[in-house]
Amino acid sequence: METIDWKNLPFGYLKTDYNVRCYYRNQQWGELEVSDSEYMNIHIAATCLHYGQEAFEGLKVFMGVDGKIRVFRIEENARRMRSSAYGVMMQEVPEEIFTAACIRAVQLNKRFIPPYGTGASLYIRPLLIGTGAQVGVKPAKEYCLLVFTTPVGPYFKEGFKPVAVQIARDYDRAAPLGTGQYKVGGNYAASLRAGERAHCEGFSTVLFLDAKEKKFIDEAGPANFFGIKGDTYVTPLSASILPSITNKSLMTLAEEMGMKVERRHVYIEELGEFEEVGACGTAAVISPIGKIVDRDSGQTFEYCREGKAGPKSTMLYNRIRAIQYGEEADKYGWTTIID
Ligand code: PLP
Ligand code: COI
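Quick note: the sequence shown uses this note's numbering, first residue 2, plus one each step.
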């Protein structure tokens with residue numbers, strides 16, 4: 002195997018040995034199948050290709066301080082994939098199949114789990130697609146669950162360093178009653194133009210506003226948004242954002258740390274009142290936000306004046322990482338050990 006520079010891994014695709022597939026045909030799920038191919042054979046009229054019947058997940062596996070392999074909150078990802086399947090009328094994957102496919106994919110690619118201490122992890126990417134042929138706009142009758150893994154470093158190249166984000170009003174990633182709460186590819190396609198423009202203009206990502214009124218913060222590209230004001234952790238409540246499992250975990254930890262948690266609309270004007278703000282998600286973990294620039298008005302909000310994350314974001318980051326790497330007792334039962 003070529004040597005991998007674990008400490009400098011980007012968040013990108015690196016070929017591993019095997020992937021796992023499971024097919025739904027004739028109204029039933031089959032057995033797990035292992036493949037060493039990076040390709041799949043697909044019907045030219047498959048609904049995933051034409052009508053966006055696709056959903057994916059993202060979860061991480063960590064090599065612990067004790068040498069044990071831990072996956073974080075896998076049952077939550079299984080649940081969310083069922084919800085996404087429901088959202089775009091795909092066959093829901095039973096939790097046992099989702100979990101078994103992910104665990105098998107990890108076991109078959111153990112040599113790609115980044116060593117403890119490198120800060121990297123093995124990312125699991127489950128994908129559910131409509132493979133049955135349709136030409137009319139109808140759900141497929143056949144589906145494929147595919148799970149691949151790839152070792153990754155931080156999503157934003159800054160890692161746990163403050164990033165700059167941009168508020169833009171001329172693109173929405175999801176409609177008010179659309180598919181924003183589901184992890185379906187179309188939402189990401191819809192975010193690409195705004196995201197790439199933000200990169201070109203020097204920002205890590207876009208801070209999307211609510212599509213209807215453009216008054217509230219929705220989410221930060223591929224991550225949820227949170228702000229900290231005194232002892233309160235505030236995060237947007239919106240039907241068009243993805244319910245982040247990381248955010249849910251941070252809310253639990255914030256409460257445990259004696260903070261108050263508020264899930265509610267976050268007005269743009271309120272950005273000036275936060276002491277710390279950040280983006281959170283599986284890929285991003287916590288990315289402290291150092292600067293928010295409103296592309297239309299030029300208004301700028303600044304945080305992290307010393308060039309580093311604020312104390313509460315740092316505490317939350319350290320806590321979640323400690324649980325993931327087995328440095329701290331997993332009292333909520335968030336991790337599953339993989340043999
Ligand atoms: N929001 C979006 C749009 C995402 O793609 C993700 C990533 O999964 C998140 C939020 C964070 O969710 P989670 O913490 O479950 O990874
Ligand atoms: C994640 O945080 O797991 C994501 O899926 C974000 C992005 C790569 C889509």
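Ideal placement from N, C-alpha and C gives every residue a C-beta, glycine not left out.
- In chain order, ALA56, TYR183, LYS184, VAL185 place their CB closer than 7 Å to the CB of SER85, counting only its own chain and leaving out the 5 sequence neighbours on each side.
- The bridge partners DSSP lists for ARG198 come to none.
- Looking at the backbone, the Cα of GLY31 and that of LYS8 are separated by about 39 Å.
- Cα atoms of ASN78 and THR283: separation of roughly 11 Å, rounded to the nearest angstrom.
- Within the stretch 171 to 224, the complete beta strand (DSSP E) runs of at least 3 residues fall at 206 to 210, 218 to 221.
- Here PRO177 is near SER241, since their CB atoms are less than 9 Å apart.
- Per the Cβ contact rule, the stretch 273 to 291 is in contact with the stretch 307 to 320 (3 or more Cβ pairs under 8 Å).
- Comparing alpha-carbon positions, the option among ALA255, ASP219, PHE217 lying closest to LYS230 turns out to be ALA255.
- Note on the stretch 276 to 338: whole alpha helix (DSSP H) runs with a minimum of 4 residues are 312 to 325, in chain order.
- Contact check for LEU243 and PHE226: beta-carbon distance about 11 Å, past the 8 Å limit, so the pair fails to qualify.
- For LEU254, the enclosing alpha helix (DSSP H) has its first and last residue at 246 to 257.
- For SER122, the distance from the CB to the nearest heavy atom of the ligand PLP is not below 8 Å.
- Remark: three or more beta-carbon pairs, one from each stretch, lie closer than 8 Å, so the stretch 44 to 51 and the stretch 129 to 141 are flagged as touching.
- A Cβ-Cβ separation of about 34 Å leaves GLY334 out of contact with GLY187 under the 8 Å criterion.
- For ILE114, there is no enclosing beta strand (DSSP E), as DSSP gives it neither H nor E.
- Counting along the chain, LEU243 sits inside no alpha helix (DSSP H), nor does DSSP assign it H or E at all.
- A direct Cα-Cα distance of roughly 21 Å separates VAL267 from SER205.
- Taken through DSSP and simplified to helix, strand or coil, ASN27 comes out as coil.
- Between the ligand PLP and the CB of LYS184, the shortest heavy atom gap is smaller than 8 Å.
- The stretch 146 to 156 and the stretch 113 to 121 touch, with three or more beta-carbon pairs separated by less than 8 Å.
- In this structure, PHE12 is the residue among ARG26, LYS16, PHE12 with its C-alpha nearest to the C-alpha of LEU60.
- Burial state of GLU220 is buried, judged by a 10 Å Cβ sphere holding 16 or more other Cβ atoms.
- Look at which beta carbons fall closer than 5 Å to any heavy atom of the ligand COI; those residues are GLY59, PRO223, GLY282, THR283, ALA284.
- Each residue's CA atom was taken as its position, placing ALA285 and THR337 some 21 Å apart.
- Positions of the beta strand (DSSP E) runs, each at least 3 residues long and wholly inside the stretch 52 to 77, are given as 55 to 57, 60 to 64, 70 to 73 in order along the chain.
- In the three-state reduction of the DSSP assignment, GLY273 falls in the helix class.
- Scanning its chain for C-beta atoms nearer than 7 Å, with the 5 sequence neighbours on each side dropped, one finds around ARG174 the residues GLY181, ASN188, ALA191, SER192, PHE209, in chain order.
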